[in-house]
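First comes the structure, then the notes that go with it.
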Amino acid sequence: MHDIIGGFIGLTLVHIGAALRFVYHRFIIRDKYSYHSLITESPVFDCSKKSYKEQFKRWKQRQTQRNQAYDIDLDEEQQQILEMFLKEGRNKKEIIRGMIETGELKLIDIDIYPRNPEYFSNRVLDGIIGLCFLIILIFIIHYI
Numbered sequence: 018m019h020d021i022i023g024g025f026i027g028l029t030l031v032h033i034g035a036a037l038r039f040v041y042h043r044f045i046i047r048d049k050y051s052y053h054s055l056i057t058e059s060p061v062f063d064c065s066k067k068s069y070k071e072q073f074k075r076w077k078q079r080q081t082q083r084n085q086a087y088d089i090d091l092d093e094e095q096q097q098i099l100e101m102f103l104k105e106g107r108n109k110k111e112i113i114r115g116m117i118e119t120g121e122l123k124l125i126d127i128d129i130y131p132r133n134p135e136y137f138s139n140r141v142l143d144g145i146i147g148l149c150f151l152i153i154l155i156f157i158i159h160y161i
């Protein structure tokens with residue numbers, strides 16, 4: 018019961034915060050980030066050598082190239098399916114595309130807002146913003 022209530026409240030706060038961030042990014046500073054990108058967790062990098070933004074851009078370029086080239090690591094079962102279809106005369110790109118469409122394979126999601134998780138992850142920041150918004154809303158309602 019505690020997990021259901023806590024999970025529901027936490028998820029509600031995350032979505033309220035993400036919605037507020039989306040409105041801010043889309044309409045005030047005119048960034049083209051999607052709602053999904055503000056909720057998805059950013060990758061973690063070692064920031065001792067380069068800045069987080071530089072590493073994020075390089076990671077995103079590599080993932081885009083990987084996704085476009087269909088250079089995806091397959092497990093043993095998926096490799097057997099691939100070899101079976103290759104013996105039938107189909108090409109690898111067509112087989113991989115079919116596996117992605119059926120949901121057997123997933124491309125790496127690159128629609129992510131670049132927030133350094135060392136400080137706050139996207140979801141934690143969304144939850145904090147949502148909590149602050151609800152506290153302000155309660156004070157406004159209470160004193161009006």
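So the sequence shown is numbered by our numbering: it starts at 18 and just counts up by one. For every residue, glycine included, the Cβ atom is placed at its ideal position computed from N, Cα and C. In this text the structure is predicted, and so the values were computed from the model without any measurement.
- With 16 or more other Cβ atoms from the protein chains shown falling within 10 Å of its own Cβ, Arg132 counts as buried.
- With a contact defined as Cβ atoms closer than 8 Å, Ile89 and Ile113 qualify at about 6 Å.
- The criterion of a C-beta distance shorter than 7 Å is satisfied by Ile129 and Ser59.
- Here Leu142 has Gly34, Arg38, Arg132 as same chain residues with Cβ atoms under 8 Å from its own Cβ, once five neighbours each way along the sequence are excluded.
- In this structure, the straight-line span from the alpha carbon of Leu55 to that of Glu105 is close to 43 Å.
- Shown here for Thr81: same chain residues with a beta carbon closer than 8 Å to its own, the five before and five after excluded, namely Ile127 in chain order.
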